[in-house]
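According to the working numbering, the residues represented by the sequence shown are 38 to 547, in order. Every residue gets a Cβ at the ideal spot worked out from N, C-alpha and C, and that includes glycine. All values derive from a computational prediction rather than experimental measurement.
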Amino acid sequence: MSSLAQPLATSLVQSVDWLAIAPPTLAAIVGLGVLVADLFVGARSKPLLGWLSVAGLAASLLLLLPLLDGDRSTFCLTGDPGVCSYTADRFTLVIQFLVLGGALLAALLSVTALKDARGGLPEGEFWFLLLSSAAGAALLPASRDLATLIVALEVASLPAFALVGLRHGDRRSSEAALKFFLSSVTATAVSLMGISFVYASTGTLYLTQVADRIQTVQSDAGQLHTLAQTGVVLTLVGFAFKTAAVPFHFWVPDTYVGAPLPIAAYLSVVGKAVGFTGLILVTVIAFPSYADVWGPALAALAALTMTIGNVGALRQQATRAYSAVRLLAWSSVGQAGYLLVPIAAAAYSDDAERSIGSTVAYALMYGAVNLGAFAVAALLARTRLLNRVSDYRGLYASSPLTALLLAFFLLCLAGLPPGVIGLFAKVTVFSAAVDAGLGWLAVVMAVNVVIALFYYLQWTALLFRAPEGEPERHRIPAPLTAAIALTGVLGVALSGAPQLVLRFTDTGLF
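Laid out in structure tokens, this is it:
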């Protein structure tokens, strides 16, 4: 009996590459540390928790540097070391840079927001939830089995629900959190059903093994093939929800308006990165043999998403309460449509890695400039509580540098010079569609780019019009200044050397 137990115990023991898992692990540890410290820190010292969280996210980012020298994997099968649950390859590091960098910028915005809330937001809980969500978001791109993937997705999502509804006594915030929670849970339940179907038809959860075994299932014309095909479709639903793809987008405007602005910024970038990463992993790695199923579906979703998102942004009235945040919310839905294009193109392309690289490149551009736009919106919200687009009129007269940076961010999102990085990213996505033979999708994208130009340029022009009253000048807090400056420097640097983005996004997934 003991001789049989010993090999079994040995097979269950796995060595852990602590350096590979260090970035998400450190974020999680700092989050727990902040929650415990909150119990012992007095009210006057609470702001220190915020700076500790910012330092933790910055340290997690720095831990990506030692991983650049090569691929590392851990939690592997004992009998097959090539099949692992966690892999820190080039693709993983790029997405972890995006999500941890986005979380860091959101944390800088949050330092000021918590101070302005004057106790309306519980600081210990806020920072714990933000760091926990960031840890889950950083874990997801390294996940190489469906179980780890769905757990990482929920670790990233569940704290976000609480963050949206964390403001005490705010009915709008509570309603936004409830809508976000109910719709997300439904999408997750559908995905879990899909994963159970895939597991039932293949007998494994590891993405590479699923890809191998599902080809055998596909050749079977019986019920197993139908089960696998249904599982593929249902699995995609949860990730499509996270990307805010139509028709899973309805939660976005109300959630962004009800959430604290730093959390809206976080969801617009990190939440999307989580969804797109999950889509890429399950489609390109796990289900490449079902490209004829998910390729047309994602192409149709891309066309619908960019069209409805841009039309929704176009319909926003400048004098409506919270119209600036609503416009950014609908704009983010439209941008999600552009991000879906290269993933759909990967189903038709001979070079799927290049198509995926286009999505990652666009996500990096979008992350930097969209966080910058939200940072300026957070600055205006300190004095203009309704945060209408019309409130930005004459911003150049009171704060020239802030107005110029917001104009630059909006032009990047529109894809117009001097926002060269935005133009470069859109051309990259457009070429991915054309190269894959999706000419009709490229035409739909071109039409939507023209639609988006109208509302982006309208907002940009408003910044330089004469103000209606005396221009108000306000001191900008240091954390807000740092967030706006970082996004501005990153956007300008990438516009000066856009080729660095493609070099950086050589995913190495295959």
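Stretch-stretch touch, CB-based, cutoff 8 Å, three pairs: the region 76–89 with the region 99–119: The answer is no - the region 99–119 does not touch the region 76–89, with fewer than three Cβ pairs under 8 Å.
Per DSSP, what kind of secondary structure is Y359 in: helix, strand or coil? Y359 falls in the coil class under three-state DSSP.
Residue from V222, D428 and A373 whose Cα sits closest to the Cα of G404: Checked all of V222, D428 and A373; the closest Cα to G404 is A373.
Spell out the partners DSSP gives S110 in its beta bridges. T124, per the DSSP bridge assignment.
Identify whether Y243 lies in helix, strand or coil by the three-state DSSP scheme. In this structure, DSSP gives Y243 an extended state, which the three-state scheme calls strand.
Closest by CA to A470, which one among A383, A534 and S169? With distances taken between Cα atoms, A470 lies closest to A383.
Mind checking which residues open and close the alpha helix (DSSP H) that includes F461? Where F461 is concerned, the enclosing alpha helix (DSSP H) stretches over V457 to D472.
Do Q246 and Y327 have their beta-carbon atoms positioned less than 8 Å apart in this structure? The answer is no: Cβ separation not under 8 Å.
For the alpha helix (DSSP H) holding T292, just list the boundary residues, first then last. Counting along the chain, T292 sits inside the alpha helix (DSSP H) bounded by residues V289 to G295.
What whole-angstrom Cβ distance do A144 and V91 have, given they're in contact under 8 Å? Rounded, the Cβ-Cβ distance is 5 Å, consistent with contact.
If you compare alpha carbons, which of V484, S392, A483 and W496 is closest to A440? A440 has its Cα closest to that of W496, out of V484, S392, A483 and W496.
Measure the CB-CB distance between P61 and A226 and report whether it falls below 8 Å. No; because the gap between Cβ atoms is not below 8 Å, this pair is not in contact.
Based on Cα-Cα distance, which residue from V370, A340, A334 and A358 lies nearest to G349? Closest by alpha carbon: V370.
Nearest to W288 (by Cα), restricted to the options W367, F446, Y359 and E505: Ranking the options by Cα distance to W288, first place goes to W367.
Rounded to whole angstroms, what's the CA-CA distance from L448 to L142? Just pull it up for me. Distance from the CA atom of L448 to the CA atom of L142, rounded to whole angstroms, is 21 Å.
Report yes if the CB atom of S427 is closer than 8 Å to the CB atom of T356, and no otherwise. For S427 and T356, yes; Cβs fall inside 8 Å.
Assess contact between the region 129–141 and the region 307–325, defined as three or more Cβ pairs (one per stretch) separated by less than 8 Å. Is contact present? Output reads yes: the region 307–325 touches the region 129–141.
Out of V413, G452 and L422, which one is the CA nearest neighbour of Y433? Checked all of V413, G452 and L422; the closest Cα to Y433 is V413.
Opposite S180 in the DSSP bridges: which residues? Bridge pairing for S180: Y123 [DSSP].
Apply the 10 Å Cβ neighbour rule to P437 and answer buried if 16 or more other Cβ atoms are within range, or exposed otherwise. Exposed is the call here.
Which of the three DSSP states, helix, strand or coil, is assigned to D388? In the structure shown, D388 sits in coil (DSSP, three-state: anything other than H, G, I, E or B).
Does S52 pass the burial test, meaning 16 or more other C-beta atoms within 10 Å, or should it be called exposed? The residue is exposed, with fewer than 16 neighbouring Cβ atoms inside 10 Å.
For G474, count neighbouring C-beta atoms within 10 Å of its own C-beta (all shown protein chains included) and say buried if the count is 16 or more, exposed if not. With fewer than 16 Cβ atoms within 10 Å of its Cβ, G474 is classed as exposed.
Hey, G409 and T518: beta-carbon distance below 8 Å or not? In this structure, the beta-carbon distance from G409 to T518 does not fall below 8 Å.
Would you kindly work out how many angstroms separate the C-alpha atoms of N554 and W331, rounded to a whole number? Outside the shown range of the chain (38 to 547) lies residue 554, about which nothing can therefore be said.
Inter-residue spacing [alpha-carbon to alpha-carbon] between L316 and G275: Going from the Cα of L316 to the Cα of G275 covers about 9 Å.
Excluding the five sequence neighbours on either side, which residues of its own chain have a C-beta within less than 6 Å of the C-beta of V234, listed in chain order? Note on identity: in this sequence residue 234 is Phe, with Val being the wrong assignment. Counting only Cβ-Cβ distances below 6 Å, and skipping sequence neighbours, we find L264, T267 and G268.
Can you check the region 480–525 for any beta strand (DSSP E) of at least 3 residues that lies completely inside it and give the ranges in chain order? DSSP runs (the beta strand (DSSP E)) wholly in the region 480–525: none.
Apart from the five residues on each side of it in sequence, which residues of its chain come closer than 6 Å, Cβ to Cβ, to F278? Closer than 6 Å at Cβ, skipping near neighbours: A224 and F285.
Do the region 153–160 and the region 95–106 meet, that is, are 3 or more Cβ pairs less than 8 Å apart? Flag = no, the region 153–160 and the region 95–106 do not touch.
C-beta contact flag for A530 and G431 at 8 Å: Contact: no.
Which two residues bound the contiguous alpha helix (DSSP H) that contains T344? From DSSP, the alpha helix (DSSP H) with T344 extends over A328 to L351.
Exposed unless 16 or more other CB atoms sit within 10 angstroms - verdict on L130: Looking at its Cβ environment, which holds 16 or more other Cβ atoms inside 10 Å, L130 is buried.
Could you have a look at V83 and say whether DSSP puts it in helix, strand or coil? First, the amino acid is wrong: residue 83 is Lys here, not Val. Three-state DSSP puts K83 in coil, outside helix and strand.
So, is Q353 buried or exposed, given that buried needs 16 or more other C-beta atoms within 10 angstroms? With 16 or more neighbouring CB atoms inside 10 Å of its own CB, Q353 falls in the buried class.
Please report the distance separating the alpha-carbon of S532 from that of K463. Their backbone Cα atoms lie some 13 Å apart in a straight line.
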